[in-house]
Structures are given as structure tokens and as C-alpha cells.
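Please read the structure below before turning to the comments.
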């Protein structure tokens, strides 16, 4: 089974490439991702290719921390429609339940869960 992630996982990728001198189109091609990936944030991309893209960026000293930087800044862009559910929940607990219940629609390559103590 192939795991997928929404292309919105690459929100701000082009901007990071511009800041570091990388060509986003070249990097997408090297990772075997479609050229229009960044223009279609709701499209699904193979999770393995998403990871491959991040690994390719990590090989460059200028972009070694790119994956971490992207994760820290782009949460609102990253979650897309899922963010609506999280923000409009009545309680923090309900928000976490929505996140864990629907995260698989955003990315099947990761699992989100929590336990009450």
C-alpha cells in the first residue's frame, strides 16, 4: 500500500528554495514529483517522494534544516481544511479528537494520536 500526503505539506517550499538558491522545479523533478505539485495543494503525492524531496534538500548545506524550518512555520498552511475543524472545536480535547480522527485524510504516511491520563 502506498502512503500519501497532501501537496500542502510543501507549503512555502518555493519560498525556501528562493531564499537558499535552489530551484524548486528542479528539486521536484529530482524527487519525481509532478511539476504542478506546488500549484495544487489539495492533490495527493506519494509520501515516499515527499520524504525523498526533503532528503534531497538535506544534502545541500544551505537547506539542511529546511524540513525543520518548514514544520515550524507553516502549520496553518499545512493542515488546509483540517485546520478549520481544529480551530472550530468547542474544547481543546475536541480539537485533538478531530485531529486524530481526520488526520489520515491529510496524510496516510503518519499517525496522530493521544491518550488521556
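Numbering (my numbering), first residue to last: -1 to 115. Virtual Cβ for every residue (Gly too), placed ideally from N, Cα, C.
Does the Cβ of residue i have 16 or more other Cβ atoms within 10 Å, making it buried, or fewer, making it exposed?
i	result
residue 51	buried
residue 77	buried
residue 114	exposed
residue 16	exposed
residue 108	exposed
residue 31	buried
Hey, how far is the Cα of residue i from the Cα of residue j?
i	j	result
residue 57	residue 88	43 Å
residue 14	residue 8	10 Å
residue 19	residue 59	11 Å
residue 27	residue 97	32 Å
residue 6	residue 53	18 Å
residue 100	residue 3	13 Å
residue 34	residue 47	14 Å
residue -1	residue 21	31 Å
residue 12	residue 36	8 Å
Beta carbon of residue i: closer than 7 Å to some heavy atom of the ligand COA?
i	result
residue 55	Looking at this structure, you won't find the ligand COA or any other ligand, since it has none at all.
If you run the structure through DSSP and keep just helix, strand and coil, what is residue i?
i	result
residue 8	helix
residue 2	strand
residue 47	helix
residue 137	Nothing in the structure corresponds to residue 137, since the chain is present only between -1 and 115.
residue 56	helix
residue 17	helix
residue 35	coil
residue 113	coil
Which residues bound the beta strand (DSSP E) around residue i?
i	result
residue 42	42 to 44
Can you tell me where the alpha helix (DSSP H) holding residue i begins and where it ends?
i	result
residue 105	Element bounds for residue 105: n/a, residue is neither H nor E.
residue 28	22 to 28
residue 80	79 to 85
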